[in-house]
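Worksheet: one structure, shown below.
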Amino acid sequence: MVDGIMKKFHEDVVIYILLRLPVKSLMRLKCISKTWYTLIQSSTFINLHLNRTTAYNDELIFFKRSIKLEPDLFKNILSFLSSDNEDDLTPVYPDIDVPYLTSDYCSRFHQLIGPCRGLIALTDFTVIVLLNPATRKYRLLPGSPFVCPKGFTFVTRGVGFGYSTAENYYKLVRIFEVYTDPYDRDLDARHSKVEIYDSCTDCWRDLDLTVKLLPKVRRFACSEIFYKETFHWCAHDDTVMILCFDISLETFHYMKLPDHCHFWDNKGYGLTVLSNYLTFITYPNPRCALDPGQEFTDIWIMEEYGVNGTWIKKYTIRPLPIESSLSVWKDHLLLLQSTGGTLSSYNLSSDELKEFNFRGFTSTLRLVVYKESLTIIPRESEHGTKVQTF
């Protein structure tokens, strides 16, 4: 019957109709006809569907939180959320446990990185899982081959995930800081190491650095973003800055922050996108004593990307019970985790603060705003881990 429909209507008409269906419906259609399976699974259709969904504002929320079970044991939960209005969030799928990542106190440092063409990376800075929340597919990526030299240890400072249009494949970058064991504060006893994962080879490789020690990447809840084919991290050495990595050229460079934001001032920092502009957020650190005037949250946009001096302060927000910023949704809702561990939103237009019925242990909330796609998890190698379904 399905093949009969394909014969009755021109293939272009069928594609036109299918492109307007949500991913959930397309996944069902794949199961009823080899013809439709081949069509929907093709890279041409996937890219057409991706381009169409990117042009529309149907955004969903991929949300992670941790529930404390024992002093050093956490249950990590992933939720898939949607909203027809701004009054409530409803699950698209049942909650699931986070696969592979640590469940101890380090759950506070889990990161969700993305989205990139509908894919999201989950990491505890040792393990990395690549996931498509729309197709419900995920894969554990190969581990790093890096072995620390004797007498040294290391910590993962930052992870980035993106897609190189020029090379037509995905890349992850991981920044290590290697130092003597026991720890020595002397800068001469430390150096940076960077690894890159290519989806086309399904393995990691070393990157030669032109500097010995990169600025230290901060692990705030919203401290990295992939924008204009460049990774961006909140970082610091003597001053606060944005550390950037061009995914195609594979080179690092630095970006200055707005005036008065480049020094330590008991603030938290976030990076996101607002109205298609690179956006920098500063908010009061709830664990620090603040001087009068420091309890406000500021949102800056970069009017000309990469041009110093083009930061414009877009909003100054009244004092809020904020643990950290998480993202911007629908271009006017600042999503945040409250000091009580509740997912909340602040309306940039109406000055309204709203709490949602989602709570986790303080500082464990993470989320990514994404659009559904049919994007396939990059191929597994012959001896690599398999793509799984949750």
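Everything in the sequence shown is counted per this note's numbering, starting at 1140 for the first residue and increasing by one.
C-beta atoms are modelled at their ideal positions from N, C-alpha and C, and glycine is treated no differently.
What are the boundary residues of the alpha helix (DSSP H) that includes residue i?
i       : result
Thr1177 : Lys1173 to Gln1180
Lys1163 : Val1162 to Leu1168
Leu1157 : Glu1150 to Leu1157
Report the rounded CA-to-CA distance for residue i versus residue j, giving the unit in angstroms.
i       : j       : result
Met1140 : Cys1170 : For Met1140, the pLDDT reaches just 49, beneath the cut-off of 50, and the residue's location in the model is therefore unreliable, leaving the point undetermined.
Lys1367 : Thr1481 : 32 Å
Leu1158 : Ile1179 : 9 Å
Asp1197 : Asp1327 : 50 Å
Ile1461 : Thr1177 : 48 Å
Leu1208 : Phe1495 : 22 Å
Met1441 : Ser1483 : 25 Å
Tyr1277 : Val1268 : 7 Å
Tyr1318 : Val1294 : 9 Å
Ile1451 : Thr1378 : 20 Å
Ser1464 : Lys1510 : 20 Å
Leu1165 : Arg1296 : 39 Å
Leu1487 : Thr1265 : 36 Å
Pro1168 : Leu1217 : Reading the sequence as shown, one finds Leu at residue 1168 and not Pro. So the two alpha carbons sit approximately 26 Å from each other.
Phe1500 : Asp1341 : 35 Å
Ile1154 : Phe1184 : 8 Å
Ser1477 : Asn1424 : 12 Å
Thr1528 : Gly1448 : 47 Å
Leu1261 : Val1350 : 28 Å
Gly1445 : Tyr1244 : 37 Å
Met1380 : Asp1151 : 49 Å
His1392 : Phe1248 : 25 Å
His1371 : Asn1215 : 26 Å
Lys1332 : Arg1313 : 8 Å
Ile1206 : Phe1213 : 5 Å
Thr1241 : Asp1211 : 11 Å
Tyr1485 : Ser1502 : 18 Å
Asp1263 : Leu1251 : 9 Å
Ser1283 : His1330 : 18 Å
How would you call residue i, buried or exposed, if buried means at least 16 neighbouring beta carbons within 10 angstroms?
i       : result
Ala1273 : buried
Asp1398 : exposed
Arg1191 : exposed
Arg1426 : exposed
Asp1347 : exposed
Ser1182 : exposed
How far does the beta strand (DSSP E) with residue i in it extend, from its first residue to its last?
i       : result
Gly1282 : Neither: Gly1282 is in no beta strand (DSSP E) and is coded neither H nor E.
Lys1452 : Trp1450 to Ile1456
Pro1230 : Thr1229 to Asp1236
Gly1299 : Phe1291 to Ser1303
Gly1253 : Gln1250 to Cys1255
Ile1438 : Thr1436 to Met1441
Phe1497 : Leu1492 to Arg1498
Cys1245 : That residue, Cys1245, is in no beta strand (DSSP E); it is neither H nor E in DSSP.
Ile1216 : Leu1212 to Ser1221
Thr1481 : Thr1481 to Asn1486
Thr1319 : Tyr1308 to Thr1319
Ala1260 : Leu1258 to Thr1262
Val1526 : No beta strand (DSSP E) contains Val1526, which DSSP labels as neither H nor E.
Ser1331 : Arg1329 to Asp1337
Arg1204 : Leu1199 to Glu1209
Val1467 : Ile1461 to Trp1468
Asp1347 : Careful: Asp1347 lies outside any beta strand (DSSP E) and carries neither H nor E.
Gly1508 : The amino acid occupying residue 1508 in the given sequence is Val; Gly does not appear at that position. Note, Val1508: beta strand (DSSP E), Arg1505 to Tyr1509.
Asn1271 : Ile1267 to Asn1271
With 9 Å as the threshold, decide whether the Cβ of residue i is near any Cβ in chain C.
i       : result
Leu1413 : Among the chains of the structure shown, chain C does not appear; only one protein chain is present.
Q: Kindly confirm or deny that the segment 1324-1338 and the segment 1360-1367 touch, where touching means at least three C-beta pairs closer than 8 Å.
A: With fewer than three CB-CB distances shorter than 8 Å, the segment 1324-1338 does not count as touching the segment 1360-1367.
Q. Which runs of the beta strand (DSSP E), 3 residues or longer, sit entirely within the segment 1361-1427?
A. Qualifying beta strand (DSSP E) stretches, in chain order: 1363-1366, 1369-1375, 1379-1385, 1390-1394, 1406-1413 and 1416-1423.
Q) If you pair each beta-carbon of the segment 1298-1306 with each one of the segment 1383-1398, do three or more pairs fall below 8 Å? A) Yes, the segment 1298-1306 touches the segment 1383-1398.
Q) Do three or more CB pairs link the segment 1466-1473 to the segment 1396-1416 at distances below 8 Å? A) Because the criterion of three Cβ pairs below 8 Å is met, the segment 1466-1473 and the segment 1396-1416 touch.
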